[in-house]
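What follows is the structure, given as structure tokens:
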């Protein structure tokens with residue numbers, strides 16, 4: 003049996019485009035002599051469709067798309083296609099998260115997802131009724147034989163008590179498949195990227211295969227949909243848990259694996275290709291690039307615009323944008339003020355030249371002075387403070403949004419996760435824009451990414467001075483970030499423990515972090531939820547990003563018992 007794992011990049015709600023992409027994959031698999039071709043979870047709709055699933059017309063159109071896909075299948079090929087099927091019962095959630103088995107022009111069977119994740123970015127219990135039984139399918143082969151397969155969807159493979167400290171579900175579908183003595187388990191997934199997650203996936207899937215002595219193949223979605231980036235890397239494991247095939251990461255691909263069932267001669271898999279998977283920094287850069295490219299294009303834009311300050315955040319954002327879209331589609335603008343240093347403007351200009359992007363300079367001095375004159379009667383008797391600094395940021399935001407409107411470019415914001423976490427950013431100022439490329443990248447990692455970008459290029463795309471000068475917003479004389487914040491190494495260590503590990507203040511201090519700094523950071527994180535709620539979305543690359551995966555109240559108390 004030849005199994006083709008077709009990791010496609012669907013667009014959410016583009017039923018026609020996704021249908022055509024799936025049919026093209028079926029035709030390719032048929033020409034290649036495959037017996038089975040598998041597509042990702044909810045492939046017809048794109049994952050995640052969110053509350054589109056509550057629209058009856060959307061579900062009906064998806065059902066018609068499945069029928070059209072089934073008609074593209076001949077008698078010698080089974081296509082496994084993810085979609086949402088309506089629940090015919092009068093009670094329970096309205097839908098099932100399903101995979102359709104299509105063959106010989108029709109849907110021959112539908113299997114439902116059993117384990118519905120409701121944590122982090124997942125909220126499947128909002129829409130779906132869980133399946134009731136672990137179902138198997140007999141899949142015919144071109145040589146007249148057949149394979150008994152266990153069919154499951156994404157989370158169904160993840161409830162292994164050996165890999166989680168507290169299983170979330172009372173059942174493990176893999177145990178049921180093992181008891182049913184299936185020849186192979188086929189899993190259709192939409193598992194989003196998080197740094198280092200691929201190694202965990204492969205340990206989990208390989209461990210499940212070895213523990214139950216059954217081969218496992220997994221097809222994963224690829225591409226960016228809003229905040230989520232899917233890295234593909236579809237994979238296959240033999241009954242000893244060994245990785246025997248891996249598709250390309252961060253791009254569409256079809257991985258064909260040849261499986262021989264245990265009843266025949268030489269059971270198991272024939273060797274397949276194993277594509278490389280990038281290291282930590284390489285995978286973060288690839289995820290940011292793919293997430294940016296797909297967000298821009300799927301939202302209907304062709305070009306992007308960003309402010310270039312001469313600092314590391316805007317430099318890395320610009321480099322990611324060029325990697326994602328090409329230099330012709332990126333435009334940088336410097337907006338210096340009376341507080342901007344000459345070297346910042348020089349570094350911004352050098353960066354733009356190195357990246358090959360258009361670069362413009364628009365001084366904000368006249369607008370800044372006009373705002374000060376206009377407001378001076380109302381500010382009389384009050385000492386200068388952060389208000390005057392924020393005026394400058396908002397003038398820049400206003401000008402960049404005007405350019406975005408006039409030129410039809412999507413404006414990228416350049417703030418990082420560390421500053422967004424503690425509110426070191428200005429609403430309607432540097433937070434203006436449609437996509438926050440680095441919003442889930444801590445400041446220390448931004449520096450590491452910048453170095454990685456230069457190493458990969460073999461030259462200093464990002465000027466060396468950008469790495470070595472003290473970071474500064476340059477909104478007042480001689481300002482540095484550390485006037486307002488702890489050193490970024492200390493700040494990021496606390497933020498990682500508080501946001502991603504969800505540790506208590508006591509545990510954070512016990513790890514070696516300063517107690518007063520820890521209290522200050524936690525207070526800033528909690529009180530700045532209102533800013534983050536108004537921030538642009540950005541690609542998720544860490545285990546806990548701001549946005550749909552971290553839901554915190556805005557109006558709240560801060561005391562503890």
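Residue numbers (my numbering): 3 to 563. The beta-carbon is built from N, C-alpha and C at its ideal position, and this holds for glycine as well. It should be emphasised that the depicted structure is a prediction, and the values quoted were computed from it without experimental measurement.
- Counting the other Cβ atoms within 10 Å of the Cβ of residue 172 gives fewer than 16, which makes it exposed.
- In this structure, residue 294 sits away from residue 335, with a CB-CB distance that is not shorter than 7 Å.
- Minimum Cα-Cα distance from residue 316 among the listed residues 333, 327, 328, 304 corresponds to 333.
- Here the C-alpha atom of residue 446 lies approximately 6 Å from the C-alpha atom of residue 490.
- One Cα belongs to residue 422, the other to residue 257, and the distance between them is close to 39 Å.
- Relative to the Cα of residue 196, the nearest Cα in the group 288, 247, 506 belongs to 288.
- Residue 194 holds the alpha-carbon nearest to the alpha-carbon of residue 551 among 273, 194, 444, 10.
- With contact defined as three or more Cβ pairs closer than 8 Å, the region 84-98 and the region 40-47 are in contact.
- Residue range 367-381 is occupied by the alpha helix (DSSP H) that includes residue 371.
- If you look at residue 260, you'll find it isn't in any alpha helix (DSSP H); it sits in the beta strand (DSSP E) that goes 255-262.
- About 30 Å separates the Cβ atoms of residue 79 and residue 131, ruling out a contact at the 8 Å cut-off.
- Residue state for residue 146 is assigned as coil, using DSSP reduced to three classes.
- Residue range 230-233 is occupied by the beta strand (DSSP E) that includes residue 232.
- In this structure, DSSP gives residue 545 a state outside helix and strand, which the three-state scheme calls coil.
- If you look at residue 100, you'll find it in the beta strand (DSSP E) that goes 97-105.
- Under the criterion of beta carbons closer than 8 Å, residue 337 and residue 413 do not qualify as touching, at roughly 13 Å.
- A direct Cα-Cα distance of roughly 16 Å separates residue 141 from residue 270.
- Under DSSP, residue 332 takes part in a beta bridge, and its partners are 306.
- Around the beta-carbon of residue 93, fewer than 16 other beta-carbon atoms lie within 10 Å, marking it exposed.
- Secondary structure of residue 528 (DSSP, three-state): helix.
- Residue 394: member of the alpha helix (DSSP H) spanning 388-409, first to last residue.
- Scanning 125, 276, 217 for the CA closest to the CA of residue 184 turns up 217.
- Our two residues, residue 464 and residue 343, have alpha carbons roughly 18 Å apart in a direct line.
- Here the C-alpha atom of residue 509 lies approximately 25 Å from the C-alpha atom of residue 426.
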